[in-house]
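Student: So that we are looking at the same thing, I have put the structure below in structure tokens.
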Amino acid sequence: MAIAEDDPLTAADQAIRAQLIVPEQREVFDYWRAKASDGGYPTRADIQPAELRRLLPSLSLIDVMADGGEERLRVRLAGTRLRDYFGVELTGHYLDEYDFGDQTGYWDAAYHEVVRAGRPAQGVIPLTAWNQPGIFQFWLRLPLANEEGRIVMVLGHDAFLQSEKAHALAGKANLRIA
3 MAIAEDDPLT AADQAIRAQL IVPEQREVFD YWRAKASDGG YPTRADIQPA
53 ELRRLLPSLS LIDVMADGGE ERLRVRLAGT RLRDYFGVEL TGHYLDEYDF
103 GDQTGYWDAA YHEVVRAGRP AQGVIPLTAW NQPGIFQFWL RLPLANEEGR
153 IVMVLGHDAF LQSEKAHALA GKANLRIA
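Mind the numbering: the sequence shown is residues 3 to 180 in this note's numbering, read in order.
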């Protein structure tokens, strides 16, 4: 993907894109960047699921909700692959309804960077919180803004790999915030 030299997000974008191991995540990232205008963030209206039809089972949209002054994250849409691996339907539920065990701090830090700092984040983590330690979740989270530029939604892509190759790749990747 070619990024204009005068784009203020060039270095950050290139850094996070270089960390994306899964080709489909590079595709989602490139799509997200192409929808961004003037170095800003894409809005939900900019994201057309039909343009990512092949990736829909692995996509999620997470609303940033203000609940009595406290920020909560509600899953607006979770692809079928997420349900298959997590064993529950996430759509319509708040993320804080689930017990992520010792991974809670990890996910809090990831969403903090995306929502509050407005930066894309990616990483890999074993599905130990979901009793599937042999499966690795390669995840990508991208901010979506409203017309005022405030982050109001997160676009996600998740790939699940189980193999020696996934274990080897997981050793090379971790939480990376651009």
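By construction, the Cβ of each residue, glycine as well, lies at the ideal position given by its N, Cα and C atoms. All values reported here derive from a predicted model rather than from experimental measurement.
Arg-178 to Ser-39, Cα distance in whole Å?
Tutor: Residue mapping note: residue 178 aligns to position 176 of the sequence shown, counting from 1. Residue mapping note: residue 39 aligns to position 37 of the sequence shown, counting from 1. Legend: pLDDT at Arg-178 = 49, less than 50; position of this residue unreliable, no value from coordinates given.
Student: In its own chain, which residues sit with a C-beta less than 6 angstroms from the C-beta of Tyr-87, not counting the 5 before and 5 after it?
Tutor: Along the sequence shown, read from residue 1 onward, the residue named residue 87 stands at position 85. Here the set comprises Phe-162.
Student: Compute the Euclidean distance between the alpha carbons of Arg-118 and Asn-133, then round it to the nearest angstrom.
Tutor: To locate residue 118, count along the sequence shown from 1; it is residue 116. To locate residue 133, count along the sequence shown from 1; it is residue 131. Going by the C-alpha atoms only, they are around 30 angstroms apart.
Student: Which residue comes first and which comes last in the beta strand (DSSP E) that contains Phe-2?
Tutor: This structure gives no information on residue 2, because the portion of the chain shown stretches from 3 to 180.
Student: Please report the residue range of the beta strand (DSSP E) in which Gln-50 lies.
Tutor: As a working note, residue 50 is residue 48 in the sequence shown. Unbroken run through Gln-50: none, as it is neither H nor E.
Student: Report the rounded CA-to-CA distance for Asp-15 versus Asn-148, giving the unit in angstroms.
Tutor: What you label residue 15 is simply residue 13 of the sequence shown in a count that begins at 1. What you label residue 148 is simply residue 146 of the sequence shown in a count that begins at 1. C-alpha separation (whole angstroms): 21 angstroms.
Student: My output table needs one value for Ala-147: the three-state DSSP class, helix, strand or coil.
Tutor: Working through the sequence shown from its first residue, we reach residue 147 at position 145. Residue state, collapsed to three classes: strand.
Student: When DSSP labels each residue in this structure, what does Ile-179 get in the three-state scheme?
Tutor: Locating residue 179 in the sequence shown gives position 177, where the first residue counts as 1. At Ile-179 the pLDDT is 47, less than 50, meaning the model places this residue with poor confidence and gives no usable figure here.
Student: If you draw a straight line from the alpha carbon of Ala-17 to that of Ile-153, how long is it in whole angstroms?
Tutor: Here residue 17 corresponds to residue number 15 of the sequence shown, with the count starting at 1. Here residue 153 corresponds to residue number 151 of the sequence shown, with the count starting at 1. One C-alpha to the other measures close to 21 angstroms.
Student: Please work out which residues of its chain come closer than 6 angstroms, Cβ to Cβ, to Gln-27, disregarding the five sequence neighbours upstream and downstream, and give them in chain order.
Tutor: Looking up residue 27 in the sequence shown gives position 25. The residues are Leu-142, His-159.
Student: In the DSSP assignment, find the beta strand (DSSP E) that holds Ala-68 and state where it starts and stops.
Tutor: As a first step, residue 68 must be located in the sequence shown, where it is residue number 66. Unbroken beta strand (DSSP E) run through Ala-68: 61-69.
Student: If you follow the beta strand (DSSP E) that Val-126 is in, where does it begin and where does it stop?
Tutor: One-based indexing of the sequence shown puts residue 126 at position 124. Note, Val-126: beta strand (DSSP E), 123-129.
Student: From the DSSP output, which residues share a beta bridge with Val-77?
Tutor: What you label residue 77 is simply residue 75 of the sequence shown in a count that begins at 1. Its beta-bridge partners are Ile-64.
Student: Between the region 46-54 and the region 67-76, can you find at least three pairs of beta-carbon atoms closer than 8 angstroms?
Tutor: No: fewer than three Cβ pairs fall under 8 angstroms.
Student: Just verifying my parser: in three-state terms, what is the DSSP assignment at Asp-160?
Tutor: Taking the first residue of the sequence shown as 1, we reach residue 160 at position 158. Here Asp-160 sits in strand by DSSP.
Student: Does the distance from the C-beta atom of Ile-127 to that of Tyr-100 stay below 9 angstroms?
Tutor: As a first step, residue 127 is located in the sequence shown; it is residue number 125 there, counting from the start. As a first step, residue 100 is located in the sequence shown; it is residue number 98 there, counting from the start. Not closer than 9 angstroms, so no.
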